[in-house]
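Numbering (our numbering), first residue to last: 56 to 357.
What follows is the structure, encoded as structure tokens:
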């Protein structure tokens, strides 16, 4: 079913020039390809289309944000679930996918080089350099690298490019042809990888998402579930972004529910109140109901 798709209000100029914007259509709840049509959302570094739209149709995903409450969870059961992390989140837990929006040199080279993690990065990042912070084992013992890497994002395995826009508008957020991550400073600011990851999960076809570590608070003592310094100005900036996200996600929630996109917050103490609370243990159980007990199911006679 061909539809008129709303165009983004303010595409990221670097992403927009990295690859020509193709055409697409939508069928039922997920964008699909038609004959001789390209899919606009995901690409390789060489510009080849990656038709990932709807690949996980109806699936369950855990989205691990970076709040310190993650350290209070038993993460071992997540090994049997699909998990997306954000930024340097794989320092704590290496999931199925990782999403970034900021400069790629801020994120560990071990993430970029890990072929088991599918990295979602803006198209304009493919030609950007990386930073080598690896702790390597050598014949002389451990060696801590701390220098520019002789690699770019496009040199790394399992990287998926996407195109951003930088003007939030809730009515078009689920259907526009690029990925919104908030507002540019000239529209009030407030950009976040959390917004981009929620849209990417929706485009991939996930319809049940469980938030971990979406604490929505920060201080000098409470930063992330991994080591990363935060200046007073950075903490203030994060708190300002959290306030904007509260408003935007509350505006999006009725649209999510109408479209069948369900999100739960698994941190009861989280200051994010746009989504209903679900205990982590319940989320683990709910996300695995359709799978049953794979280790004990019958295979003899198949």
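The C-beta atom is built at its ideal place from N, Cα and C for all residues, glycine as well.
Could you work out which residue in the options is closest to residue i when comparing CA atoms only?
i, options, result
"residue 304", "242, 340 and 226", "226"
"residue 113", "137, 202 and 105", "137"
"residue 184", "108, 172, 124 and 203", "203"
"residue 128", "335, 344 and 299", "335"
"residue 132", "123, 143 and 149", "149"
"residue 328", "345, 340 and 266", "266"
"residue 211", "172, 200, 198 and 218", "172"
"residue 155", "307, 179 and 135", "179"
"residue 190", "107, 209, 166 and 177", "166"
"residue 299", "245, 143, 69 and 161", "245"
Helix, strand or coil for residue i? Go by DSSP, reduced to three states.
i, result
"residue 365", "In the structure displayed, the chain extends from 56 to 357; residue 365 sits before or after that span and is not available."
"residue 147", "coil"
"residue 84", "Note that residue 84 scores a pLDDT of 48, beneath 50, so its modelled location is shaky; the value from the coordinates is reported in the next line. Residue 84: coil per DSSP, three-state reduction."
"residue 181", "helix"
"residue 162", "coil"
"residue 97", "coil"
"residue 193", "strand"
"residue 201", "coil"
"residue 324", "coil"
"residue 246", "strand"
"residue 69", "helix"
Could you check if residue i is buried or exposed, using at least 16 other CB atoms within 10 Å of its CB as the buried criterion?
i, result
"residue 67", "buried"
"residue 291", "exposed"
"residue 243", "exposed"
"residue 259", "buried"
"residue 121", "buried"
"residue 295", "exposed"
"residue 126", "exposed"
"residue 357", "exposed"
"residue 91", "With a pLDDT of only 46 at residue 91, under 50, the local geometry of the prediction cannot be trusted, and no value is derived from it."
"residue 195", "exposed"
"residue 101", "exposed"
"residue 216", "buried"
"residue 140", "buried"
"residue 313", "exposed"
Which one or two residues does DSSP pair with residue i in a beta bridge?
i, result
"residue 219", "234"
"residue 318", "264"
"residue 139", "118 and 152"
"residue 176", "216"
"residue 341", "DSSP lists no partner for residue 341."
"residue 355", "In DSSP, residue 355 forms no bridge with anything."
"residue 187", "202"
"residue 332", "320"
"residue 258", "Paired residues: none, contrary to the question."
Rounded C-beta distance between residue i and residue j? I'm assuming under 8 Å.
i, j, result
"residue 320", "residue 269", "6 Å"
"residue 146", "residue 181", "Not a contact, Cβ separation roughly 23 Å."
"residue 164", "residue 186", "7 Å"
"residue 32", "residue 332", "There is no way to answer for residue 32, as the model of the chain reaches only from 56 to 357."
"residue 342", "residue 115", "4 Å"
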